[in-house]
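In full-length UniProt numbering, the protein residues as written are 1 to 387.
From the three backbone atoms N, C-alpha and C, an ideal C-beta is built for every residue, glycine too.
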């Protein structure tokens, strides 16, 4: 009997590869995360006990990825960096109604980063800066319109994705930053992609966490019962605050309650909407506002503009067990943007504080510090024209 396989063995066909037992389990996890699982199959290798045989058109490249992932998983788990003091706090008036609150952390002459919080409506927290080594980064946290310390709180007037994108660009100009790495989580990933598509020349890199594109299918998952199969009690509790007629369209019904002039109705709806965390009326109003309006992204959808940013380095961190922003969205984005590096964390959920998600985010910020953005086709053409 041949000895146990102790290293990667590539067989005669480029469509067949063998992995040793120490890497078989990580490889099977990666197989579940691959964008073409039907084209690649695995089985136990009869001649090499404990090893796996992979067959498919991309078997060799797949096992190379498995080796890389296994090597990276052996790296000690990374945690958030130590907290650093805020070195600058500012206000920026962006419209007749809205004034943004922003904070800066880290090294004033470090590599620039913008953090876009989730929600919509959640606001930024100092811990968001701890995903970066502030000895080497200049990190800007901004509360979006109506969020956190921005004023007025919960205001829905002139509060659209397009307005938030314009705010990001206005803030960059205000701070005198040429370009920056943008990190967005959950709803923040939607805004990060929208900002990059609109102003690709100002984005040095993108880091996404809990990928969300606010498509109708994603909103249906959350508010038309898709998630109910995974969280039935939570869904029943969510509906219990509505009348039978309102339960036919819970999203629209909650939006009506959250924007009601009757304060008790509004407060009760906010507590129900955010029952799993502190009830904040402003956040609930903003979440419902963007959800009921499809984040104002129906024409055209974000995926239609991905070709404008495929030259920008991007790392997406996605928990496989994320029930808020299901992994399918991350795969769809990866199919449209194959240059994007998709990091699927097998047993992790949605939270940035999940230790495995934290590890991937900290590794991503460290790697992004050394990455340089490739020129777009438009920029290359401009250089050639000037020559």
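Inter-residue spacing [alpha-carbon to alpha-carbon] between residue i and residue j
i           : j           : result
residue 305 : residue 191 : 13 Å
residue 122 : residue 360 : 22 Å
residue 86  : residue 254 : 37 Å
residue 264 : residue 362 : 42 Å
residue 279 : residue 269 : With a pLDDT of 40 at residue 279, under the threshold of 50, the predicted position of this residue should be treated as unreliable, though the coordinate-derived value follows. Rounded to the nearest angstrom, the two C-alpha atoms are 9 Å apart.
residue 386 : residue 336 : 32 Å
residue 239 : residue 82  : 41 Å
residue 132 : residue 369 : 9 Å
residue 117 : residue 186 : 8 Å
residue 328 : residue 213 : 11 Å
residue 371 : residue 195 : 20 Å
residue 193 : residue 208 : 9 Å
residue 92  : residue 147 : 14 Å
residue 436 : residue 287 : Lying outside 1 to 387, the shown extent of the chain, residue 436 is not represented and no answer is given.
residue 102 : residue 252 : 32 Å
residue 77  : residue 367 : 15 Å
residue 256 : residue 108 : 45 Å
residue 262 : residue 80  : 42 Å
residue 143 : residue 84  : 19 Å
residue 358 : residue 127 : 11 Å
For residue i, the three-state DSSP class (helix, strand or coil)
i           : result
residue 84  : coil
residue 123 : coil
residue 178 : coil
residue 201 : helix
residue 101 : strand
residue 297 : coil
residue 418 : Limits of the chain in this structure are 1 at one end and 387 at the other, which puts residue 418 out of reach.
residue 160 : coil
residue 243 : coil
residue 151 : strand
residue 339 : coil
residue 213 : coil
residue 353 : coil
residue 12  : Any reading at residue 12 needs caution, since the residue's pLDDT is 38, under 50, leaving its predicted position unreliable; the model's value is listed next. It is coil, neither helix nor strand.
residue 168 : helix
residue 306 : helix
residue 292 : helix
residue 267 : helix
residue 257 : helix
Beta-bridge partners of residue i, as assigned by DSSP
i           : result
residue 344 : 318
residue 106 : 138
residue 183 : 115, 207
residue 92  : 100
residue 143 : 101
Nearest to residue i (by Cα), restricted to the options the options
i           : options            : result
residue 201 : 185, 212, 181, 186 : 181
residue 129 : 139, 122, 123      : 139
residue 95  : 351, 170, 293      : 170
residue 313 : 332, 364, 103      : 364
residue 119 : 368, 239, 344, 324 : 324
residue 266 : 249, 247, 241, 310 : 241
residue 137 : 151, 111, 131, 152 : 111
residue 330 : 88, 215, 292, 79   : 215
residue 319 : 353, 286, 292      : 353
residue 188 : 174, 175, 177, 165 : 165
residue 90  : 78, 332, 105, 76   : 105
residue 135 : 142, 148, 113      : 113
residue 219 : 367, 183, 294      : 294
residue 115 : 252, 232, 168      : 168
residue 310 : 301, 338, 332      : 338
residue 237 : 101, 246, 249, 273 : 273
residue 292 : 142, 249, 232      : 249
residue 258 : 244, 235, 154      : 154
residue 246 : 233, 127, 224      : 224
residue 217 : 332, 88, 358       : 332
7 Å Cβ shell around residue i - same chain, five flanking residues per side excluded
i           : result
residue 163 : 145
residue 308 : 197, 200
residue 172 : 180, 202
residue 160 : 296
residue 204 : 179, 180, 181, 373
residue 382 : none
residue 260 : 266
8 Å CB neighbourhood of residue i in its chain, flanking five on each side removed
i           : result
residue 334 : 35, 316, 340, 342
residue 156 : 146, 259, 285, 286, 289
Same chain, Cβ closer than 6 Å to residue i, five either side skipped, listed in chain order
i           : result
residue 98  : 145
residue 356 : 345, 348
residue 158 : 95, 97
residue 151 : 99
residue 303 : 336
residue 210 : 185, 186, 322, 325, 350
residue 290 : 120
residue 174 : 92
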